[in-house]
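J.: Sequence order for the protein chains is A and B.
Note that the first sequence ends on residue 188 in this note's numbering; no numbers are left out.
Note that the second sequence ends on residue 1649 in this note's numbering; no numbers are left out.
Below you will find the structure I want to go over with you.
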Amino acid sequence: MEVVAVSNQLKKRTVKEIRVNLDKCIGCRACEVACSGFHAKPKYSSINPERSRVRVVMDLLSDVYVPIRAGDYTQAECSGRNTYTINGKEYTQCSFCSVSCPARDLFREPDSGLPLKCDMCEDDPTLAEPMCVQVCRCGALTYASWEEDVAEESVRRGEMEIGLECLVTRFGKDKVADAFDQLMGEKR
Amino acid sequence: MRYAETGYNLEVDLTRGTVKRVQSDPRLTELHLGGQGTAAKILWERVPPETDPLTPENFLIFSAGLLHGTPVPGANRTSVSTFSPLTNLYVNSLMGGWFGPELKHAGYDKIVIGGESPGLVYLYIHNDKVEIRDASHLAGKGCQETATLLREELKDPRIQVAAIGLAGENRVFQATIEHANSSASRHGVGAVMGAKRLKAIAVRGTKDLNIASPAKLWELCRNKYQEIHDNKNCGDPMAHDHNESFHVDNFAWGNARTRRKGYWSKEREERWVAQWKEVRTRDSGCYNCPKDCHYTISYPGRHPYFLKCFNKLTYCMAAFEEIDFNYDILGLTSAYGLDGFSTPQVLAFAVELYEAGILTDKELPDFPADGAGRFFYLLEKVVRREGIGDVLANGVSRAAAEIGNGAEAFDHNTTKKVEQVPLKLGVINYPFFLMYCTGEKMNITQIEGSFPQAPIADREKRQKFVESWNAAPERFKKWFLEWEPKEHMPIEAAVNVCDWNESMHYVDDAIGTCAWLSSFRGQFGGSPPYHLFNLPEIISLATGMELDSDRLMEISRRNRQLVRALNIRRGLRRAEEKPPEDHWKIRDHEMEQKHLDAYYEFKGWTRDGIPTKETLDGLGLGYVSDDFVNRGILPDCDSVPVRKAGESR
């Protein structure tokens, strides 16, 4: 989400949305290919679906094809173990859940285990559409954006803040502080 | 640093129960690219020519293509290379889906499997963790069910599985290796896997792969998605076309003999479409490709399965039945793991033998009277190698010889013991004659593809076709422009067409791109997304190799000659290079042999079809020519003069 200040004190924000049409997904996982490439550093240096922030949860013979984007990280599994039947097909609660959670190994960096989160391919210059949408030619993923009024300005957090917070939650303040001090000591 | 490839093969010895991660020689990539190219090299080195394909000494190699795991759309076809129990020659069978890219991310370019396990096992690969595990609980399970059970057992829904069914376990020569929406179906590769007592391979990979010029390659690939999606001439048109008149009216029914002109009608089309709507659940694609060439079928009482390509019609046409029967029996054959091209012909062959009184109630007790009933009956016998099924499971050609008593006359649609597309045509077509005779794949759909099958009658349309034909080298444009209906092209053109067609397949099979996007589809519309002139840049950006069209063709030729050499060393000679007996009604023996002579010469082969020392040495295959000389396949150059490639007789 991006916050844009406009005149006479009104605040607007641009809401970006990726719409998913499950019936159109063909399971090619081009979205995963494109996402992992776009977010690799340097850009496109690696194509690895495991690092993708969008994953297609597939059960081919049960006709389940669900592209989901990575959302927030959570430490604990939820209690939800519901099963939904939609148009005769069975989905678990996890099928549509975007959370990077201990119940499954989706949306975690394969090396560090740190959580991944979709950032709508925010970049400079801005992309016309997120990369996953650009390569989804069968039309399962489409992009929409619009402006909304906001009550007050929310602060945008950078990757470093999010990453640090994850480390703190995972290892505790003291350990992170120790590691930081040690790192700085070595540098000096 | 290795780019596009992992640089490692997984070596599995099933006799000893050992696995090894072995670094591959980067020079081999320069020489052969990867896929079947490097697999052929391994088979040359490790499998002596006298090896029986079903013994532990044979190797079964799963190769990811060189471009698998790069962003190149449609690079997903996995090669299965080994020696075939059906032909006793080399086989390279391919499957699409997701297997090859997953293998690359697990850190391997190939799985090289030798030996034979004492009991049924499966191979589990998760990055560096590789285990040979007991599979006794999977014995007799269907291919699709095996994949589901392994995903549950290993608690990972993203594992990619390649498995054999009952047919493979019982070493049926039509046995496939099934993976997701695809299968490696040709020449009994499933029987080789069964002989090794390997039920399945389950692979999961999460590693990175390096790309030489990643940003440039991505920019190029990014535009390919739309191009491939919109290109009506690539992908599988059969997946979306309901007008089956081309196949049902022109291809032969039963044991590849009976044409049923006028079978197709509006009424039948409506009925077939209605049926299709009942059973089809979804169109789907393969890894990183925007085409949806496969679809799932849920037929009442059968395990769901994927339908692809000509499989839609082969069983019903062979059994003289309606489409409903085809959907029904595919539910069984997909689970058993049986090739949809050859199996129906084997079953139809048995029905013909019964009708001719060569097979009787003694071999076929309680044989049903209807086509469908007979096929279900025979299928169970073949897949279990029970009674006469044990003979039929060796394929039409071998079964005919074994049954004797006149059965040989019913083996009229095979080449080198391989059941061919059931087509009976009028006048001989020389490029196709050459492809049938000499193609090492022995299935015409995997040899033809770049040059159109027939001329365009309208000169203006022909001109237009040639103008937008970016995929073709100049000489082919000239030949096509001059090609009038009902005329034969010059011998030189026929020779070049055969060579170019198969060369493009050899490129695909090394880099892992799908033939539907390149080598098979240029003939329709002339605008395949991948061709001789844009692939060098794509491969260069991915691998860092310096490559142009000439060099790519040289590698393709090297791979082709090496595959030829594998078969020559196992005894293949000119005498076996002929098309199915009555494929064409109007033949010209003298012209045919002239074409064959010219083709051998063009290829740098002797009159008997053996690559000459000059040909082999010129491509860096000196170790092959040495071997040929040592074995007496080629004369020793110092003592006997040999005709040079290209030199006239």
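Even glycine gets a Cβ: it sits at the ideal position worked out from N, Cα and C.
This one's a predicted model, so the numbers in the text were calculated from it and none came from an experiment.
Could you check how far apart the C-beta atoms of B/T1281 and A/D119 are, in whole angstroms? I think they sit under 8 Å.
T.: Locating residue 1281 of chain B in the second sequence gives position 281, counting from the first residue. Locating residue 119 of chain A in the first sequence gives position 119, counting from the first residue. That belief does not hold up - the Cβ atoms of B/T1281 and A/D119 are roughly 35 Å apart, past 8 Å.
J.: Along the region 123-148 of chain A, where does the CB come closer than 9 Å to a CB of chain B? Name the residues.
T.: Those residues of the region 123-148 of chain A that come within reach of chain B (Cβ to Cβ, closer than 9 Å) are M131, Q134, V135, C136, R137 and C138.
J.: Of the choices A/D178, A/V168, A/E161 and A/D149, whose alpha-carbon is the least far from that of A/T14?
T.: Numbered from its first residue, the first sequence carries residue 14 of chain A at position 14. With distances taken between Cα atoms, A/T14 lies closest to A/D149.
J.: Which residues in chain B have a C-beta closer than 8 Å to the C-beta of A/R192? List them in chain order.
T.: Since the displayed chain A opens at 1 and closes at 188, residue 192 of chain A lies outside it and no answer follows.
J.: If you run the structure through DSSP and keep just helix, strand and coil, what is A/E77?
T.: Mapped onto the first sequence, residue 77 of chain A falls at position 77. Coil at A/E77, not helix or strand.
J.: Buried or exposed for A/E2, please, with buried defined as at least 16 other CB atoms from any protein chain shown within 10 angstroms of its CB.
T.: Here the question's residue 2 of chain A lines up with position 2 in the first sequence. Only weak support exists for where A/E2 lies, its pLDDT of 47 falling under 50; the value from the coordinates is given anyway. With fewer than 16 other Cβ atoms within 10 Å, it is exposed.
J.: B/W1516 versus chain A: which residues are under 9 Å apart at the beta carbon?
T.: Taking the first residue of the second sequence as position 1, residue 1516 of chain B is located at position 516. Within chain A, no residue comes near B/W1516; the closest Cβ sits about 14 Å away, beyond 9 Å.
J.: Rounded to whole angstroms, what is the Cα-Cα separation between B/I1443 and B/T1414?
T.: Here residue 1443 of chain B refers to the residue found at position 443 of the second sequence. Here residue 1414 of chain B refers to the residue found at position 414 of the second sequence. At residue 1443 of chain B the sequence reads Asn, which differs from the Ile that was named. Cα-Cα distance, rounded: 10 Å.
J.: What's the C-alpha gap between A/R29 and B/C1286?
T.: Here residue 29 of chain A corresponds to residue number 29 of the first sequence, with the count starting at 1. Here residue 1286 of chain B corresponds to residue number 286 of the second sequence, with the count starting at 1. Using only the alpha carbons, I get a separation of about 8 Å.
J.: Pairs of beta-carbons, one from the region 1230-1237 of chain B and one from the region 1140-1160 of chain B, closer than 8 Å: are there three or more?
T.: No: the two stretches stay apart, fewer than three of their Cβ pairs being nearer than 8 Å.
J.: Check whether the region 1028-1044 of chain B touches the region 1211-1230 of chain B, taking contact to mean three or more Cβ pairs, one atom from each stretch, closer than 8 Å.
T.: Touching, no.
J.: Which residues, taken in chain order from the region 29-56 of chain A, show a beta carbon closer than 7 Å to some beta carbon of chain B?
T.: For the region 29-56 of chain A, which is checked against every Cβ of chain B, the residues closer than 7 Å are R29, A30, V33, G37, K43, Y44, S45, S46, I47, N48 and E50.
J.: Output yes if chain B places a C-beta closer than 8 Å to the C-beta of A/D181; else output no.
T.: Walking along the first sequence from the start, residue 181 of chain A turns up at place 181. It does not; no Cβ of chain B falls within 8 Å.
J.: Are at least three pairs of beta-carbons, each pair with one atom in the region 1567-1587 of chain B and one in the region 1606-1625 of chain B, less than 8 Å apart?
T.: At 8 Å Cβ cutoff, the stretches touch.
J.: Output, in sequence order along the chain, the residues in the region 94-120 of chain A whose CB is closer than 7 Å to any CB in chain B.
T.: Residues P110.
J.: Give a yes or no on whether the minimum CB-CB distance between B/R1077 and chain A is below 8 Å.
T.: Against the second sequence, residue 1077 of chain B aligns to sequence position 77. Chain A contact via Cβ: absent.
J.: Since B/S1081 meets chain A, which of its residues come closer than 9 Å, beta carbon to beta carbon?
T.: Walking along the second sequence from the start, residue 1081 of chain B turns up at place 81. Going along chain A, no residue has its Cβ under 9 Å from B/S1081, so there is no contact; the nearest lies around 25 Å.
J.: With a cut-off of 8 Å, does the C-beta of B/D1208 fall near any C-beta of chain A?
T.: Within the second sequence, residue 1208 of chain B is the residue found at index 208, counting from 1. Output row for B/D1208: interface = yes.
J.: Since B/Q1226 meets chain A, which of its residues come closer than 8 Å, beta carbon to beta carbon?
T.: Numbered from 1 along the second sequence, position 226 holds the residue referred to as residue 1226 of chain B. Per Cβ cutoff of 8 Å: R137.
J.: Can you give me the start and stop residues for the beta strand (DSSP E) that B/M1095 sits inside?
T.: Residue numbering aside, residue 1095 of chain B sits at position 95 when the second sequence is read from its first letter. Looking at the DSSP string, the run of the beta strand (DSSP E) that includes B/M1095 is Y1090 to M1095.
J.: Quick one: residues in its chain with C-beta nearer than 7 Å to the C-beta of B/P1579, no 5 flanking neighbours on either side, listed in chain order?
T.: For the purposes of this step, residue 1579 of chain B is identified with residue 579 of the second sequence, where counting begins at 1. Counting only Cβ-Cβ distances below 7 Å, and skipping sequence neighbours, we find T1415, F1433, Y1436 and C1437.
J.: Among A/K12, A/V56, A/S98 and A/T83, which has the Cα closest to the Cα of A/L189?
T.: Only positions 1 to 188 of chain A appear in the structure, and residue 189 of chain A is not among them; the question remains open.
J.: Leaving out the 5 sequence neighbours to the left and right, which residues in its chain are closer than 7 Å to B/Q1023 when beta-carbon positions are compared?
T.: Within the second sequence, residue 1023 of chain B is the residue found at index 23, counting from 1. If we look at B/Q1023 and ignore the five residues flanking it on each side, its Cβ neighbours are G1007 and Y1008.
J.: Who pairs with B/N1009 in a beta bridge, going by DSSP?
T.: As a working mapping, residue 1009 of chain B is identified with position 9 in the second sequence. Paired residue(s): B/V1022 and B/K1110.
J.: Do B/Q1275 and B/A1318 have their beta-carbon atoms positioned less than 8 Å apart in this structure?
T.: If you number the second sequence from 1, residue 1318 of chain B lands on position 318. If you number the second sequence from 1, residue 1275 of chain B lands on position 275. No, Cβ-Cβ distance for B/A1318 and B/Q1275 is not below 8 Å.
J.: Which ranges does the beta strand (DSSP E) cover as unbroken runs of at least 3 residues, wholly within the region 1530-1569 of chain B, from first to last along the chain?
T.: For the region 1530-1569 of chain B, not a single whole beta strand (DSSP E) run of length 3 or above is found.
J.: Decide if the region 1324-1340 of chain B is in contact with the region 1296-1305 of chain B; the criterion is three or more beta carbon pairs, one per stretch, under 8 Å apart.
T.: Because the criterion of three Cβ pairs below 8 Å is met, the region 1324-1340 of chain B and the region 1296-1305 of chain B touch.
J.: How should B/V1427 be labelled, buried or exposed, when 16 other C-beta atoms within 10 angstroms of its C-beta is the threshold for buried?
T.: Numbered from 1 along the second sequence, position 427 holds the residue referred to as residue 1427 of chain B. Exposed, by the Cβ-count rule.
J.: Tell me which residues of the region 1156-1182 of chain B have at least one Cβ-Cβ distance to chain A shorter than 9 Å, keeping chain order.
T.: Residues D1156, P1157, R1158, A1180 and N1181.
J.: Taking only runs that begin and end inside the region 1596-1630 of chain B, name each unbroken alpha helix (DSSP H) of 4 or more residues, in chain order.
T.: Within the region 1596-1630 of chain B, the complete alpha helix (DSSP H) runs of at least 4 residues are 1613-1618.
J.: DSSP state of A/K89, grouped into three classes?
T.: As a first step, residue 89 of chain A must be located in the first sequence, where it is residue number 89. Correct three-state label for A/K89: strand.
J.: In chain order, which continuous runs of the alpha helix (DSSP H) of length 4 or greater are located wholly inside the region 1104-1158 of chain B?
T.: With a minimum length of 4 residues, the continuous alpha helix (DSSP H) runs that stay inside the region 1104-1158 of chain B are 1143-1153.
J.: Please classify B/I1586: is it buried, with 16 or more other beta-carbons within 10 angstroms of its beta-carbon, or exposed?
T.: One-based indexing of the second sequence puts residue 1586 of chain B at position 586. Label assigned to B/I1586: exposed.
J.: Leaving out five residues before and five after B/V1497 in sequence, what residues of the same chain have Cβ atoms less than 6 Å from its Cβ?
T.: The count along the second sequence starts at 1 and reaches residue 1497 of chain B at position 497. P1431 and F1451.
J.: When you check each C-beta in the region 154-173 of chain A against every C-beta of chain B, which residues fall closer than 7 Å?
T.: If the cut-off is 7 Å between Cβ atoms, the region 154-173 of chain A has nothing near chain B.
J.: Under 8 Å Cβ-Cβ, which residues of chain D neighbour B/H1105?
T.: The question asks about chain D, but that chain is absent: this structure's protein chains are A and B.
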